[in-house]
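Colleague: Below is the structure I would like to discuss, written out as structure tokens.
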Amino acid sequence: YDVANGFLGNGTLDGNEIHHIYTSYDSGDNTITPPNGRHANGVYLFGNAVFSNNYIHDILAPGAPVVFPAAGWNKASGTMLIYNNIIRGGLHLNADGMAEGNNATYHIYNNIIQANNSCILASKKSNSPIKNVYIKNNILITTGTYPNPVSFAQGIDNLDVDRNIYYNHKKTNLVDKKDCVLNFMNKRYNMDSSREAGFNLTSFFSENPILIDYIPSSWSDIAVDSGVDLSSFFTDDRLGVSRPQGNGFDIGPYEFTGDEK
Numbered sequence: 004y005d006v007a008n009g010f011l012g013n014g015t016l017d018g019n020e021i022h023h024i025y026t027s028y029d030s031g032d033n034t035i036t037p038p039n040g041r042h043a044n045g046v047y048l049f050g051n052a053v054f055s056n057n058y059i060h061d062i063l064a065p066g067a068p069v070v071f072p073a074a075g076w077n078k079a080s081g082t083m084l085i086y087n088n089i090i091r092g093g094l095h096l097n098a099d100g101m102a103e104g105n106n107a108t109y110h111i112y113n114n115i116i117q118a119n120n121s122c123i124l125a126s127k128k129s130n131s132p133i134k135n136v137y138i139k140n141n142i143l144i145t146t147g148t149y150p151n152p153v154s155f156a157q158g159i160d161n162l163d164v165d166r167n168i169y170y171n172h173k174k175t176n177l178v179d180k181k182d183c184v185l186n187f188m189n190k191r192y193n194m195d196s197s198r199e200a201g202f203n204l205t206s207f208f209s210e211n212p213i214l215i216d217y218i219p220s221s222w223s224d225i226a227v228d229s230g231v232d233l234s235s236f237f238t239d240d241r242l243g244v245s246r247p248q249g250n251g252f253d254i255g256p257y258e259f260t261g262d263e264k
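FYI, the numbering for the sequence shown is 4 to 264, going by the working numbering.
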């Protein structure tokens with residue numbers, strides 16, 4: 004679709020497939036740039052929003068944000084809940100319009116995100132920090148040559164990153180000979196050093212490759228019963244299966260029911 008945004012707004016966006024978004028125009032002088040322009044976003048969210056149970060892929064403008072939430076837009080103190088999604092690309096928190104003392108908050112739970120180098124990121128946009136960012140129960144897959152699965156150049160007052168599964172296809176960004184999992188304010192962390200800093204206390208790497216279409220198929224799967232209980236936010240997976248099925252929430256958008264494949 005030759006549009007600037009697959010979705011633009013706030014409120015609730017649930018159960019959709021959003022794909023093949025591009026624009027033929029650059030920002031600025033509206034010069035046509037075939038075949039794809041630069042200035043396209045798959046989903047651009049403002050203020051208060053819920054983004055759940057969606058599948059988003061093939062946002063075709065190079066470098067364009069796939070999911071671009073702005074809880075603090077225009078000095079707002081918005082809250083965004085982003086869960087149970089399959090995202091091919093990245094989740095780029097937009098800090099434009101942040102103001103000192105606002106309470107912009109992001110809850111990012113139980114998604115599977117595959118991106119080039121950064122699955123969840125925030126570029127430096129403002130000297131006013133984002134208030135709260137919670138990242139839990141996600142499967143984060145990188146395929147690029149310089150993986151930073153979680154990367155924040157923008158300041159964040161309260162950053163809580165835990166109970167996530169990481170898989171880097173390439174071992175080409177190492178911190179003390181170990182995979183980078185976090186880049187926060189231009190400091191890189193591996194799993195050990197991130198734990199020392201108070202992040203990823205119960206996160207872990209997968210020893211086996213994980214793909215974007217991963218669905219748990221046995222009680223022994225890496226994601227099963229490995230998550231934190233988030234029933235205060237939601238109680239179903241992306242197919243409507245109630246959570247939890249076993250001894251705890253599964254990590255990722257699907258909850259294993261016991262039907263082994």
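The beta-carbon is built from N, C-alpha and C at its ideal position, and this holds for glycine as well.
Could you please give the first and the last residue of the uninterrupted alpha helix (DSSP H) stretch that includes methionine 194?
Modeller: 194-199
Colleague: Just verifying my parser: in three-state terms, what is the DSSP assignment at asparagine 171?
Modeller: DSSP places asparagine 171 in strand when its eight states are reduced to three.
Colleague: How far does the beta strand (DSSP E) with serine 154 in it reach, from first residue to last?
Modeller: From DSSP, the beta strand (DSSP E) with serine 154 extends over 153-155.
Colleague: In the DSSP assignment, find the beta strand (DSSP E) that holds glutamate 20 and state where it starts and stops.
Modeller: 20-24
Colleague: Determine the burial state of asparagine 189: buried for a count of at least 16 other Cβ atoms within 10 Å of its Cβ, exposed for fewer.
Modeller: exposed
Colleague: Use the C-beta contact count for histidine 139: other C-beta atoms within 10 angstroms, 16 or more gives buried, fewer gives exposed.
Modeller: According to the sequence as given, residue 139 is lysine; it is not histidine. Buried.
Colleague: Where asparagine 163 and histidine 22 are concerned, what is the direct C-alpha to C-alpha distance, given to the nearest angstrom?
Modeller: First, the residue type needs correcting, since residue 163 is aspartate and not asparagine in the sequence shown. Rounded to whole angstroms, aspartate 163 to histidine 22 spans 30 Å at the Cα level.
Colleague: Should serine 2 go down as buried or exposed, given a rule of 16 or more other Cβ atoms within 10 Å for buried?
Modeller: No information on residue 2 is available, as it lies outside the stretch 4 to 264 that the chain covers here.
Colleague: Quick check: what's the CA-CA separation for isoleucine 128 versus glycine 92?
Modeller: Looking at the sequence itself, residue 128 is lysine, so the reference to isoleucine does not match. Between lysine 128 and glycine 92, the C-alpha separation is close to 20 Å.
Colleague: Asparagine 151 and cysteine 183 look like a contact to me (Cβ under 8 Å); what is the Cβ gap, rounded to whole Å?
Modeller: 6 Å
Colleague: For methionine 188, list the residues DSSP reports as bridge partners.
Modeller: Answer is none; methionine 188 lacks a bridge partner.
Colleague: Just mark proline 258 as buried or exposed, buried being the case when its beta carbon has 16 or more other beta carbons within 10 Å.
Modeller: As written in the sequence, residue 258 is glutamate, which differs from the proline given in the question. Its Cβ being crowded by 16 or more others within 10 Å, glutamate 258 is buried.
Colleague: Please name the residue, chosen from Asn56, Gly75, Asn167, Ser234, that lies closest to cysteine 122 on a Cα-to-Cα basis.
Modeller: Asn167
Colleague: With a threshold of 16 other CB atoms inside 10 Å of the CB of tryptophan 76, please say whether the residue is buried or exposed.
Modeller: buried
Colleague: Let me know the secondary structure DSSP gives tyrosine 4 once reduced to three states.
Modeller: Per-residue confidence for tyrosine 4 stands at a pLDDT of 45, beneath the threshold of 50, marking its modelled position as unreliable; the derived number appears in the next sentence. Here tyrosine 4 sits in coil by DSSP.
Colleague: Measure the Cβ-Cβ separation of asparagine 97 and serine 80 and say whether it is below 8 Å.
Modeller: Their beta carbons are not under 8 Å apart, which means asparagine 97 does not touch serine 80 by this criterion.
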